Structure formats: structure tokens, C-alpha cells
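**Q** For reference, the structure I am asking about is given below.
See the structure below:
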């Protein structure tokens with residue numbers, strides 16, 4: 457297979473679709489983020505990359521806390537809106553009709569309608585250029601009661617949004633099952 | 457909606473499915489990684505979280521470089537195998553039939569069968585506890601020629617794998633289109 461070189465890019469597929477929240481000047485604000493993921497298992501940590509010019513960035517710096525909210529497929533319009541609009545010029549929470557709650561950290565705002573909410577305390581803020589990579593220790597995980605099955609998170613009930621970036625810039629659902637992790641590769645073992 | 461608290465967790469959905477590569481003692485090795493993402497736009501950077509005990513971790517430390525390879529749905533078995541087996545006890549490249557190539561960095565091994573390959577040079581290695589978060593500057597992006605449409609990456613041809621973690625532990629395809637990013641939220645603007 458011939459390979460074509462495109463220069464240094466951020467061509468990673470697929471990515472999650474997240475709503476990162478922070479209080480800015482005491483008021484909750486959220487932005488859509490695809491550049492976020494898990495950073496550590498023990499203790500549990502997440503990392504999110506936020507452009508320095510974003511209003512949310514200011515809030516994270518102010519409080520040293522942020523939240524990561526996982527929107528479900530039915531919140532795709534509200535999620536996209538939080539990626540387009542700026543909290544500096546309006547109230548995204550009111551525009552989206554989000555109901556806000558706070559948890560153990562006290563100042564990381566979370567969205568009740570999002571099935572999963574993780575509150576984080578900043579442990580590292582790496583200035584990488586255009587973006588700051590905020591690494592946050594997870595203080596608490598909140599899950600909507602109706603997204604649990606037998607007390608465990610049921611991803612089929614969460615219906616998270618897959619982000620497919622440049623050049624497509626599309627939101628997708630989670631598609632067909634391809635295989636069970638830590639199992640489907642077993643048949644290659646001992647080959 | 458009532459919320460249930462699960463304690464500090466890494467409950468992020470969905471995640472990407474990546475194959476991270478490094479030379480270890482001069483030989484190419486790969487591991488499956490869901491804890492990876494984009495860290496910066498300008499200059500382009502990626503971040504991957506690797507457990508300190510992994511063989512690949514040793515290789516990244518050795519060379520200061522790694523690759524991120526995006527497997528397509530038809531490589532799901534090989535990908536999972538790279539998450540189960542250890543390069544310390546076998547040759548995963550041979551077991552999977554991977555054809556290896558090198559790029560501009562010279563020592564970050566890449567998999568020809570993966571439609572997208574990003575070679576990275578470590579700029580930060582954050583020791584977070586169980587994992588090291590390696591932040592790498594992208595030196596070059598390689599894309600299989602048949603995954604381009606009019607010279608641009610065509611994600612429909614890549615067919616990347618979505619990872620749905622605990623407790624499901626499943627690989628999925630990218631599902632139905634929910635909306636166009638930076639567009640579907642426009643109707644909430646000026647509400």
C-alpha cells in the first residue's frame with residue numbers, strides 16, 4: 457500500500473465528544489471538546505486540551521477545577537452549540553436549558569441531562585502552544601440512575617457521541633459490535 | 457434525573473482504538489491503546505497514556521519516539537491481540553503479519569496495513585502514577601493512498617474502531633450520522 461505524507465497533523469480517528477465545564481466569574485460555562493481522554497488509571501485522571509483563548513480556559517485557571525460531561529446522542533445540537541458559541545457573549549446554560557449541579561469539589565459545574573459527569577481537580581497544566589493540556593484527577597463520577605444496569609454503567613443507555621474530525625467534522629453514534637476486547641484477539645495467540 | 461456516585465473512575469465514552477508503536481531493543485513492537493488523543497493544534501501534538509510496566513513503555517523511553525497507528529475495522533483481531541500479548545515474550549509483528557516502515561524520525565516503527573500513521577517525538581513524559589502520559593510532537597502523518605478522496609483523508613475509507621471501555625469492553629464501528637459539527641448547533645444560536 458502506497459503511503460502519502462500530509463505533514464504534521466492531528467489526524468486521529470475516532471474521538472470522543474465531551475462537554476467540559478468550568479465556572480467563569482462564578483457562572484457555569486461549557487464547551488464542546490473532542491480533544492480529551494483518559495490519562496491515568498491509578499489514581500484516575502483525565503486530560504483535556506483547551507485553546508488558551510477559550511472562555512472555559514479562563515474558568516479552569518480561575519478555580520483549578522473542571523468537569524467532563526458525556527452528552528448522549530439526543531443532546532447533539534446542544535453539544536455542537538457549546539462548541540460554536542462563546543460564554544463570553546452569552547449564557548450557554550440558559551440557551552441549552554441545562555440543569556446544573558455541583559459535587560464534591562463544589563465549583564466544577566455539571567450538566568444533569570448528561571448521563572455521565574466526572575469532576576476533576578487540575579494536577580498539571582501543560583502549555584503546549586495553542587492549547588493547554590489540563591490533567592485532572594477525578595474526584596467523583598456521577599451517573600444518571602437510568603443509565604445503570606445492575607449497578608454498573610450501561611453504555612447502550614448512555615448513547616455517547618463519536619466525533620470524526622477533519623475533514624469530515626461529523627458527529628456519529630456508536631456503530632455495530634466488531635468484537636469483545638481482550639477476547640477477539642485470543643485466536644492469534646500462540647500462532 | 458437522580459445521579460448515582462461511583463467514586464473516582466475513568467468512565468469516559470467513547471474512546472479511540474489505536475496501536476502505539478516503538479522500537480524496543482531495536483525491534484518494532486506495538487500495543488493497543490484507548491487512552492490516547494490530541495493534545496495540541498499548533499504545533500500538532502498527541503498524548504498517549506502507557507502503563508509503566510508495558511514493553512512499549514520501555515521502547516518509548518529508550519528512543520524518545522513513538523508512532524500512533526489507526527487500525528481499520530478489519531484489523532480488530534490483530535489490534536486486540538496487541539493489547540493482550542506482550543512483546544517481551546514474543547514477536548507481535550510476526551504474529552499479526554504486520555509490514556513495518558519507518559519515516560522521518562527513523563526509529564518510530566509504523567504499520568503499513570493501518571490506514572493512518574503518525575510519527576511522534578516525545579516532548580513531555582508526565583509520570584502520573586500507574587501510567588506515563590507521553591506527549592509527542594507529530595513529525596509526519598502518513599495516510600494510505602486508497603484512504604484519500606481528492607487528496608483529503610476520507611474517514612469512511614479508514615473505518616476506525618470505537619472503543620467502549622468498562623464495563624462493556626467492546627470494539628464498535630462508527631455508527632449513523634447524528635449531525636454536522638459546527639452546523640447542527642446553529643439553530644440554537646440567538647435563541
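Chains as they are written, first to last, in our numbering: chain S, 457 to 647; chain P, 457 to 647.
Positions of the beta carbon are idealized from the N, C-alpha and C atoms, including for glycine.
Only a predicted model underlies this, so the values are computations on that prediction, with no experimental measurement involved.
1) Taking Cβ to Cβ, would you say residue 584(S) is nearer than 7 Å to residue 496(P)?
2) For residue 602(S), count the other beta carbons within 10 Å of its own beta carbon; 16 or more makes it buried, fewer makes it exposed. Which is it?
3) By Cβ distance, which residues of its chain are closer than 6 Å to residue 575(P), with the 5 residues on each side in sequence left out?
4) Name the chain P residues whose beta carbon is nearer than 8 Å to that of residue 492(S)?
5) Let me know the secondary structure DSSP gives residue 507(S) once reduced to three states.
6) Buried or exposed, going by whether 16 or more other CB atoms sit within 10 Å of the CB of residue 554(S)?
7) Is it buried or exposed, residue 638(P), if we count other Cβ atoms within 10 angstroms and call 16 or more buried?
8) Please report whether the beta-carbon of residue 627(S) lies at a distance below 7 Å from any beta-carbon of chain P.
9) When DSSP builds the beta bridges, which residues end up paired with residue 485(S)?
10) By DSSP, does residue 537(S) sit in helix, in strand, or in coil?
11) Note the first and the last residue of the continuous alpha helix (DSSP H) segment covering residue 618(S).
12) Taking C-alpha atoms, which residue in 458(S), 499(S) and 580(S) lies nearest to residue 505(S)?
13) In this structure, how does DSSP classify residue 520(P) when only helix, strand and coil are distinguished?
14) Contact criterion: CB-CB distance below 7 Å. Does residue 620(P) meet it with respect to chain S?
15) Please classify residue 510(P): is it buried, with 16 or more other beta-carbons within 10 angstroms of its beta-carbon, or exposed?
16) Around the Cβ of residue 645(S), are there at least 16 other Cβ atoms within 10 angstroms (buried) or fewer (exposed)?
17) Does the beta carbon of residue 522(P) sit closer than 7 Å to a beta carbon anywhere in chain S?
18) Taking the CB atoms as reference points, tell me whether residue 634(P) and residue 532(S) lie closer together than 7 Å.
19) At least one CB of chain P closer than 7 Å to the CB of residue 599(S): is that the case?
20) With a cut-off of 7 Å, does the C-beta of residue 476(S) fall near any C-beta of chain P?
21) Could you check which residue in 556(S), 632(S), 598(S) and 535(S) has the C-alpha nearest to that of residue 643(P)?
22) Alpha carbon to alpha carbon, how far is residue 488(P) from residue 525(S)?
23) Could you confirm whether any beta carbon from chain P is found closer than 7 Å to the beta carbon of residue 496(S)?
24) Starting from residue 608(P), find everything on chain S with Cβ-Cβ shorter than 7 Å and list it in chain order.
25) Identify every run of the alpha helix (DSSP H) within the segment 589-629 of chain S, keeping only runs that are complete inside it and at least 4 residues long; order them along the chain.
26) Residue 576(S) bridges to which residues according to DSSP?
27) Nearest to residue 521(S) by CA position, among 610(S), 472(S), 485(S) and 468(S), is which residue?
28) Of all the options 617(S), 469(S), 518(S) and 588(S), which has the alpha carbon lying nearest to the alpha carbon of residue 571(S)?
29) Please confirm if residue 458(P) has its CB atom under 7 Å from at least one CB of chain S.
30) Considering only their Cβ atoms, is the gap separating residue 470(P) from residue 630(S) smaller than 7 Å?
31) Buried or exposed: residue 623(S), going by 16 or more other Cβ atoms within 10 Å of its Cβ?
32) Are the C-beta of residue 509(P) and some C-beta of chain S separated by less than 7 Å?
**A** Reading it off the structure:
1) For the purposes of this step, residue 584(S) is taken as the residue at position 128 of the first chain. For the purposes of this step, residue 496(P) is taken as the residue at position 40 of the second chain. Against a cut-off of 7 Å, the Cβ pair of residue 496(P) and residue 584(S) comes out as a contact.
2) Position 146 of the first chain, counted from the first residue, corresponds to residue 602(S). That one is exposed.
3) Counting from one through the second chain, the residue named residue 575(P) turns up at place 119. Taken in chain order, the residues that qualify are 523, 559, 561, 564, 595 and 596.
4) The count along the first chain starts at 1 and reaches residue 492(S) at position 36. Result: 468 and 493.
5) To locate residue 507(S), count along the first chain from 1; it is residue 51. Note: residue 507(S) maps to strand in three-state DSSP.
6) Start at 1 with the first residue of the first chain, and residue 554(S) comes out as number 98. The residue is buried, with at least 16 neighbouring Cβ atoms inside 10 Å.
7) Counting from one through the second chain, the residue named residue 638(P) turns up at place 182. Classification of residue 638(P): exposed, given that the 10 Å Cβ count is below 16.
8) Counting from one through the first chain, the residue named residue 627(S) turns up at place 171. Output row for residue 627(S): interface = yes.
9) Against the first chain, residue 485(S) aligns to sequence position 29. Its beta-bridge partners are 478(S).
10) Position 81 of the first chain, counted from the start, is the residue given in the question as residue 537(S). Correct three-state label for residue 537(S): helix.
11) Residue 618(S) sits at position 162 when you count from the first residue of the first chain. Here residue 618(S) belongs to no alpha helix (DSSP H); instead the beta strand (DSSP E) covers 618-620.
12) Residue mapping note: residue 505(S) aligns to position 49 of the first chain, counting from 1. Residue 505(S) has its Cα closest to that of 580(S), out of 458(S), 499(S) and 580(S).
13) In the second chain, residue 520(P) corresponds to position 64, counting from 1. In the structure shown, residue 520(P) sits in coil (DSSP, three-state: anything other than H, G, I, E or B).
14) As a working mapping, residue 620(P) is identified with position 164 in the second chain. Cβ-Cβ to chain S under 7 Å: yes for residue 620(P).
15) Translated into positions along the second chain, residue 510(P) becomes position 54. By the 10 Å Cβ count, residue 510(P) comes out buried.
16) Position 189 of the first chain, counted from the start, is the residue given in the question as residue 645(S). Exposed is the call here.
17) For the purposes of this step, residue 522(P) is taken as residue 66 along the second chain, with counting starting at 1. False, the Cβ-Cβ gap to chain S never drops below 7 Å.
18) Indexing the second chain from 1 puts residue 634(P) at position 178. Indexing the first chain from 1 puts residue 532(S) at position 76. Taking 7 Å as the Cβ cut-off, residue 634(P) and residue 532(S) qualify as a contacting pair.
19) Along the first chain, read from residue 1 onward, the residue named residue 599(S) stands at position 143. By this cut-off, residue 599(S) is an interface position.
20) Locating residue 476(S) in the first chain gives position 20, counting from the first residue. False, the Cβ-Cβ gap to chain P never drops below 7 Å.
21) For the purposes of this step, residue 643(P) is taken as the residue at position 187 of the second chain. Ranking 556(S), 632(S), 598(S) and 535(S) by Cα distance to residue 643(P) puts 535(S) first.
22) For this step, residue 488(P) is matched to residue 32 along the second chain. For this step, residue 525(S) is matched to residue 69 along the first chain. Distance between the alpha carbons of residue 488(P) and residue 525(S): 25 Å.
23) Numbered from 1 along the first chain, position 40 holds the residue referred to as residue 496(S). Chain P contact via Cβ: present.
24) Looking up residue 608(P) in the second chain gives position 152. Within chain S, the residues near residue 608(P) are 623.
25) 611-614
26) Counting from 1 along the first chain, the entry for residue 576(S) is found at position 120. DSSP lists 522(S) and 594(S) as partners of residue 576(S).
27) Numbered from 1 along the first chain, position 65 holds the residue referred to as residue 521(S). Selected option, being the one with the closest Cα: 485(S).
28) The residue given as residue 571(S) occupies position 115 in the first chain. The residue with the shortest Cα to Cα distance from residue 571(S) is 617(S).
29) Position 2 of the second chain, counted from the start, is the residue given in the question as residue 458(P). Chain S contact via Cβ: present.
30) The residue given as residue 630(S) occupies position 174 in the first chain. The residue given as residue 470(P) occupies position 14 in the second chain. Yes.
31) Within the first chain, numbered from 1, the residue matching residue 623(S) stands at position 167. So residue 623(S) ends up on the exposed side.
32) Reading the second chain from its first residue, position 53 is the one you call residue 509(P). Cβ-Cβ to chain S under 7 Å: no for residue 509(P).
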